[in-house]
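Undergrad: Those sequence lines, one after another, are chains A, B and C. Numbered by our numbering, the letters in the first sequence go through residues 1 to 363 in order. Numbered by our numbering, the letters in the second sequence go through residues 1 to 363 in order. Numbered by our numbering, the letters in the third sequence go through residues 1 to 363 in order. Here a beta-carbon is modelled for each residue, glycine too, at the ideal position from N, C-alpha and C.
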Amino acid sequence: MTIPASRVEHVADPSRKAGLIGNCPDPAQLLGHSPGLRLDVLDRLRDASVLSAAQFDKDLLCELAKLAALLQLKSFPVLDALEDKILAAAFFEPSTRTRLSFESAMLHLGGKTISVADAKTTGVAKGESMRDIGQMFNSYADIVAVRHTEQSAVGELCKYLRIPLLNGGNGSDEHPSQALADWYALLKWRPEIAYGTIPEKFRLNIGIIGTPGNMRTVKSFLMLALLFEKNINHITIFSEMADPLGEEIRAMTNASAIGINFSQDLSQSLEYLDVVYMNAIAYLGDGYRFFGDAFSLDASSPLKPDTVILHPLARGEELSVDLDHTQHNLYFNQADGAVWIRQALLLCIFGRVADVVPPEHLS
Amino acid sequence: MTIPASRVEHVADPSRKAGLIGNCPDPAQLLGHSPGLRLDVLDRLRDASVLSAAQFDKDLLCELAKLAALLQLKSFPVLDALEDKILAAAFFEPSTRTRLSFESAMLHLGGKTISVADAKTTGVAKGESMRDIGQMFNSYADIVAVRHTEQSAVGELCKYLRIPLLNGGNGSDEHPSQALADWYALLKWRPEIAYGTIPEKFRLNIGIIGTPGNMRTVKSFLMLALLFEKNINHITIFSEMADPLGEEIRAMTNASAIGINFSQDLSQSLEYLDVVYMNAIAYLGDGYRFFGDAFSLDASSPLKPDTVILHPLARGEELSVDLDHTQHNLYFNQADGAVWIRQALLLCIFGRVADVVPPEHLS
Amino acid sequence: MTIPASRVEHVADPSRKAGLIGNCPDPAQLLGHSPGLRLDVLDRLRDASVLSAAQFDKDLLCELAKLAALLQLKSFPVLDALEDKILAAAFFEPSTRTRLSFESAMLHLGGKTISVADAKTTGVAKGESMRDIGQMFNSYADIVAVRHTEQSAVGELCKYLRIPLLNGGNGSDEHPSQALADWYALLKWRPEIAYGTIPEKFRLNIGIIGTPGNMRTVKSFLMLALLFEKNINHITIFSEMADPLGEEIRAMTNASAIGINFSQDLSQSLEYLDVVYMNAIAYLGDGYRFFGDAFSLDASSPLKPDTVILHPLARGEELSVDLDHTQHNLYFNQADGAVWIRQALLLCIFGRVADVVPPEHLS
């Protein structure tokens with residue numbers, strides 16, 4: 001019979017095996033720049049909920065990134081690490097990307113998962129309160145990852161939980177595990193951010209497109225950026241909003257040695273930026289809004305050769321696909337690392353790090 | 001940087017570790033009152049479907065509760081007990097609470113799960129019949145837990161199954177596994193209900209708020225209550241309906257030695273009640289209706305000091321949260337026990353009890 | 001108490017244990033007609049995506065069917081075969097039957113699953129592109145089974161995947177794993193189709209009710225039928241459409257030695273047909289349409305005694321349930337085999353066949 005080529009062209013596409021495209025720093029670099037893992041630091045996450053990026057200091061973030069690197073390098077077996085644990089993925093606001101990332105992380109560690117992919121399939125539809133929902137998760141799971149359209153819902157739920165909660169995005173507030181994935185990518189790219197003190201002239205200039213005041217990924221990313229005062233020179237916020245920071249974030253930036261600039265001219269600023277963080281989508285309580293048109297990047301943008309772009313994806317018009325195959329593309333690596341940093345988080349919260357990490361990797 | 005206290009207040013809340021609030025009887029009490037587990041009784045569930053509370057007699061219910069207590073006390077390992085089995089959770093009527101409870105029970109025993117969380121994501125949307133759906137589950141799973149808005153659907157599906165079916169709620173008819181959880185809580189609270197004969201003056205008076213005739217949880221709870229003729233004095237039904245029982249239930253209550261009263265004055269009756277069973281939500285075929293306003297309880301209600309309240313949750317206005325921290329609150333314990341009684345049910349149906357329970361726990 | 005018989009009638013229905021009804025050929029027959037498994041042939045599926053039935057030649061289809069038969073006969077343990085692998089079931093077009101079949105197959109082999117049961121619960125709702133969705137699955141899973149309403153979406157997604165993709169139905173185009181299940185049933189029923197050369201007068205006449213040009217299951221079934229030129233005499237297409245084949249399929253049938261007829265009179269033709277393939281449902285890009293009324297079968301249809309009927313189910317009016325208990329019913333066996341042929345597919349793609357199949361079953 002005739003087999004139309006069109007039907008089989010992608011079946012065994014050799015490029016498929018070529019691996020991740022874009023900028024793919026070796027996780028080993030991150031480990032090379034540091035001593036072994038510090039269990040005392042990671043143990044601060046034991047039994048802890050993760051509600052905010054504000055819970056992390058530089059030490060904890062960097063040790064977590066190192067553990068993620070060891071996991072990504074498959075340095076030791078973890079297939080049974082959490083075999084007796086159940087993760088409940090409670091996504092009252094639907095989100096495949098984050099839900100599957102938490103579920104995949106749990107399954108990689110031998111754990112089990114139960115899921116709520118959509119509030120419409122829950123008792124919430126019957127007016128169930130966070131109080132009673134909390135009791136449910138206490139009884140059915142060992143940890144719960146939650147996304148909710150309302151900022152207050154996650155903290156409210158946490159009040160009634162005896163098990164740890166992972167904030168998977170609460171309204172326009174925060175998305176801490178995403179920010180951990182963002183910085184895991186940056187620390188693999190420039191390990192000296194974590195361990196060295198970069199000479200002043202080489203300190204990073206970071207551009208953030210969006211409004212930290214009401215875009216959860218941007219806010220959490222910025223909060224972690226403030227941990228690296230010694231190695232970040234300036235952070236420039238690109239936004240059309242009058243007050244992109246908002247009161248809470250402004251208090252944090254005011255207390256930081258990092259200079260904060262504001263601009264509405266991205267292309268003018270690109271020559272100074274080492275990192276550009278983009279996210280076109282903001283959840284504004286009543287739904288998603290796009291900010292993609294105002295500031296966008298493509299292969300013709302005047303980026304410095306070694307500038308990297310971060311984007312939590314899914315992308316809109318603001319980030320052209322013609323950048324995917326360039327070294328500016330750190331966003332695929334950022335997405336790729338999310339499942340490893342979440343595994344690191346789970347191992348720490350369940351206090352199982354010492355059970356799986358061989359002594360030679362410990363400090 | 002400044003970390004707003006508000007962002008971390010719940011992270012390591014010490015009260016989180018305090019455990020379940022409310023009335024938490026020790027499962028060991030239940031075991032203390034009885035000889036070892038009777039395999040011959042539990043074996044009556046082997047390969048059986050569970051459609052109705054009417055399938056359980058006092059012996060079977062009590063032995064099942066004892067097995068659940070052993071599981072809750074983690075008396076022996078069960079992590080691989082059902083590793084070769086798959087549970088299909090088929091919730092054509094969405095319900096997170098019951099679906100996750102069945103899934104969690106299966107995962108605790110090392111089993112696997114496949115799920116339908118919403119009829120809109122099934123072939124049912126294409127007009128699939130229970131006959132063809134049955135063939136699907138026969139081929140893909142070893143047991144199926146089903147919830148459906150139509151009373152007839154569950155029995156109809158069972159006709160075409162070669163694998164056991166667990167009724168997770170069928171329209172306004174029954175919810176037997178919920179009733180097992182209800183009674184597991186009561187038997188832990190008063191083991192003498194199961195094993196002793198309570199002196200007449202101490203026999204229980206139970207109040208049921210709702211209409212057994214068309215509220216599935218209430219109906220199944222009442223059917224199991226009728227098994228304890230020797231230890232229950234009166235059951236009082238609180239309802240505004242002319243005929244809260246309906247023909248089928250009336251036939252059962254007429255055949256019972258337990259006195260059945262009807263009342264519309266809850267507060268007047270509270271001084272006589274040892275147990276109050278509440279559920280504000282009734283599924284009436286065409287959707288949910290709330291009965292919460294007519295009869296409600298809060299901390300100021302004239303309850304006897306040792307009276308306990310049961311509620312399948314999620315609650316409405318009828319049950320005030322100010323009761324949560326009192327000894328009247330057995331409803332959290334009731335929710336907490338659901339996952340253990342469902343594990344007991346699964347072990348019996350798959351005939352794996354003898355494989356996991358050590359001889360010292362057998363009679 | 002009185003237990004209404006109606007409440008327990010199906011609980012322990014002895015017929016439940018009776019097993020599959022209809023025509024149930026023994027998988028051992030298929031193995032009996034052939035030498036051991038040919039690893040070299042099955043290895044052609046290693047790391048391959050399965051987009052189209054056109055990827056399979058006769059050898060590959062038959063070896064795959066033999067592996068499925070060994071799995072269905074539980075000839076060797078497979079409970080840990082894929083314990084380190086994760087299947088993502090990405091059903092942007094909802095479908096319980098196919099999704100649960102892939103998930104069940106993965107779980108039978110000890111693999112793990114993450115699922116998207118409904119596009120409304122995904123980032124797709126936020127306008128996510130296949131390009132970015134691909135990166136997500138690359139990072140979170142080891143293989144992805146996809147169904148989508150748009151024909152182009154599956155090939156488009158495959159372009160961005162580094163992991164294999166299984167086409168679970170793409171618009172009105174193809175459904176290759178369904179066709180593999182169809183032919184697994186036929187090869188168990190008549191192993192000589194696979195291995196022998198049937199004398200001309202006994203060669204099969206196959207009737208296909210539907211339009212291969214725009215019904216994905218019908219199209220994929222026909223494409224595999226064309227592999228058996230030596231043993232199929234005629235294929236008759238029953239359709240009311242002017243051009244039921246369409247250009248691509250016509251090119252394939254023109255290149256085949258099998259005679260293709262067209263008819264609008266099913267009952268007239270039944271006396272000549274050995275196999276009748278039915279499917280009333282066609283996905284026509286903008287939704288499902290039913291073709292059940294034009295051509296239908298029931299127990300009174302003038303079928304030859306040994307004619308078998310295939311139907312991917314769920315059925316509509318076109319296939320009467322009064323055929324379920326007859327030997328014409330191969331459609332339940334077809335559904336039952338789907339989970340085994342999908343397990344065979346997964347073992348081959350992950351290159352794990354040699355790890356689980358004992359030498360005595362190899363050629």
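1) Taking only beta-carbon atoms, is B/Thr217 less than 8 Å away from chain A?
2) Hey, does A/Phe332 have any beta-carbon neighbour from chain C nearer than 8 Å?
3) Residues in its own chain within less than 6 Å of A/Glu83 by CB, not counting five upstream and five downstream?
4) In three-state DSSP terms, what is B/Arg44?
5) In this structure, does DSSP put A/Phe137 in helix, strand or coil?
6) Counting only the same chain and skipping the five closest in sequence on each side, list residues whose C-beta sits under 7 Å from that of A/Asn138.
7) List, in chain order, every chain C residue whose beta-carbon is nearer than 9 Å to that of A/Arg147.
8) Compare the C-beta of A/Gly259 with all C-beta atoms of chain C and state if any pair is closer than 8 Å.
9) Report the residue from C/Ile258, C/Thr217, C/Thr253, C/Asp243 whose alpha carbon sits nearest the alpha carbon of C/Asn231.
10) Checking contacts by CB at 8 Å: is C/Pro14 closer than that to chain B?
11) For C/Leu165, does the count of other Cβ atoms within 10 angstroms reach 16, so buried, or fall short, so exposed?
12) For C/Ala335, which residues in chain B fall below 7 Å Cβ to Cβ?
13) Could you tell me which of B/Gly316, B/Ala299, B/Thr98, B/Leu313 sits nearest to B/Gln327, measuring between CA atoms?
14) Looking only at C-alpha atoms, which of A/Thr113, A/Pro176, A/Pro244 sits nearest to A/Ala225?
15) Specify, as a first and last residue, the run of the beta strand (DSSP E) that A/Met215 falls within.
16) Starting from C/Asn254, follow the beta strand (DSSP E) in both directions and report where the run begins and ends.
17) Flag A/Glu247 as yes if its beta-carbon sits less than 8 Å from any beta-carbon of chain C, otherwise no.
18) Within 10 angstroms of its Cβ, does A/Gln135 collect 16 or more other Cβ (buried), or is it exposed?
19) Quick one: list the residues of chain A neighbouring B/Ser101, beta-carbon separation under 7 Å, in chain order.
20) In the DSSP assignment, find the alpha helix (DSSP H) that holds C/Tyr331 and state where it starts and stops.
21) Does DSSP classify B/Val78 as helix, strand or coil?
22) Determine, for B/Ile86, whether the minimum Cβ-Cβ distance to residues of chain C falls below 8 Å.
23) Is C/Val356 close to chain B, meaning its C-beta is less than 8 Å from at least one C-beta of that chain?
24) Applying a beta-carbon distance threshold of less than 9 Å, which residues of chain A neighbour B/Ser374?
25) Using a Cβ-Cβ distance cut-off of 8 Å, determine whether C/Leu347 contacts chain B.
26) Quick check on DSSP: helix, strand or coil for C/Tyr277?
27) According to DSSP, is C/Ala54 helix, strand or coil?
28) Using C-beta distances below 6 Å, list every residue in its chain close to B/Val144, excluding the 5 sequence neighbours before and after it, in chain order.
29) Please tell me whether A/Ser104 has its Cβ less than 8 Å away from any Cβ of chain C.
30) With 16 as the cutoff for other CB atoms within 10 Å, does A/Thr217 come out buried or exposed?
31) Output the distance between the C-alpha atoms of B/Ala179 and C/Ser34, rounded to the nearest integer angstrom.
32) Span of the beta strand (DSSP E) holding C/Phe262?
33) What does the alpha-carbon distance come out to for the pair A/Gln29 and A/Leu39?
34) Report the CB separation of B/Ile208 from B/Tyr140 in whole angstroms; it is logged as a contact under 8 Å.
35) Using the beta-carbon count (16 or more within 10 Å), is A/Asn254 buried or exposed?
36) Checking contacts by CB at 8 Å: is C/Arg162 closer than that to chain A?
TA: Checking against the coordinates, here is how it stands:
1) It does not: the Cβ of B/Thr217 has no partner Cβ on chain A nearer than 8 Å.
2) Using beta-carbon distances, A/Phe332 counts as an interface residue toward chain C, with a partner under 8 Å.
3) So the qualifying residues of the chain are Gly110.
4) Correct three-state label for B/Arg44: helix.
5) In the three-state reduction of the DSSP assignment, A/Phe137 falls in the helix class.
6) Excluding residues up to 5 positions away in sequence, Leu161, Arg162, Ile163 lie with their Cβ nearer than 7 Å to the Cβ of A/Asn138 in the same chain.
7) By Cβ distance, chain C contributes nothing, its closest Cβ being about 11 Å from A/Arg147, past 9 Å.
8) Answer no: the Cβ-Cβ gap between A/Gly259 and chain C never drops below 8 Å.
9) Between C/Asn231 and the set C/Ile258, C/Thr217, C/Thr253, C/Asp243, the nearest pair of CA atoms involves C/Ile258.
10) Note that C/Pro14 has pLDDT 47, beneath the 50 cutoff, so the model's placement of it is unreliable and no number is given.
11) By the Cβ neighbour-count rule, C/Leu165 is buried, with 16 or more other Cβ atoms within 10 Å of its own.
12) Contacts between C/Ala335 and chain B, judged by CB atoms closer than 7 Å, involve Gln135, Met136, Ser139 in chain order.
13) It is B/Ala299 whose Cα lies nearest to the Cα of B/Gln327.
14) Nearest C-alpha to A/Ala225 among A/Thr113, A/Pro176, A/Pro244: A/Pro176.
15) Neither: A/Met215 is in no beta strand (DSSP E) and is coded neither H nor E.
16) Going by DSSP, C/Asn254 is part of no beta strand (DSSP E) but of the alpha helix (DSSP H) stretching over 246 to 254.
17) So, not an interface residue.
18) Buried is the call here.
19) One finds Tyr140 in chain A with Cβ atoms closer than 7 Å to the Cβ of B/Ser101, taken in chain order.
20) Element bounds for C/Tyr331: 331 to 349.
21) Of the three classes helix, strand and coil, the one that applies to B/Val78 here is coil, per DSSP.
22) Any Cβ of chain C closer than 8 Å to the Cβ of B/Ile86 would place that residue at the interface, and such an atom is present.
23) Chain B, which has no Cβ nearer than 8 Å to the Cβ of C/Val356, makes this no.
24) Chain B is shown from 1 up to 363; residue 374 of chain B falls before or after that span and cannot be answered.
25) False, the Cβ-Cβ gap to chain B never drops below 8 Å.
26) Residue state, collapsed to three classes: strand.
27) Helix, per DSSP.
28) So the qualifying residues of the chain are Ala88, Ala90, Phe137, Leu165.
29) Yes, A/Ser104 lies at the interface with chain C (some Cβ there is under 8 Å from its Cβ).
30) By the neighbour-count rule (16 or more Cβ atoms within 10 Å), A/Thr217 is buried.
31) A direct Cα-to-Cα measurement between B/Ala179 and C/Ser34 gives close to 55 Å.
32) Start and end: 259 to 263.
33) Their backbone Cα atoms lie some 20 Å apart in a straight line.
34) The C-beta distance from B/Ile208 to B/Tyr140 rounds to 39 Å, too long to fall under 8 Å, and the pair is not in contact.
35) A/Asn254 counts as exposed, since fewer than 16 other beta carbons sit within 10 angstroms of its beta carbon.
36) Interface annotation, C/Arg162: in contact with chain A, CB-CB separation under 8 Å.
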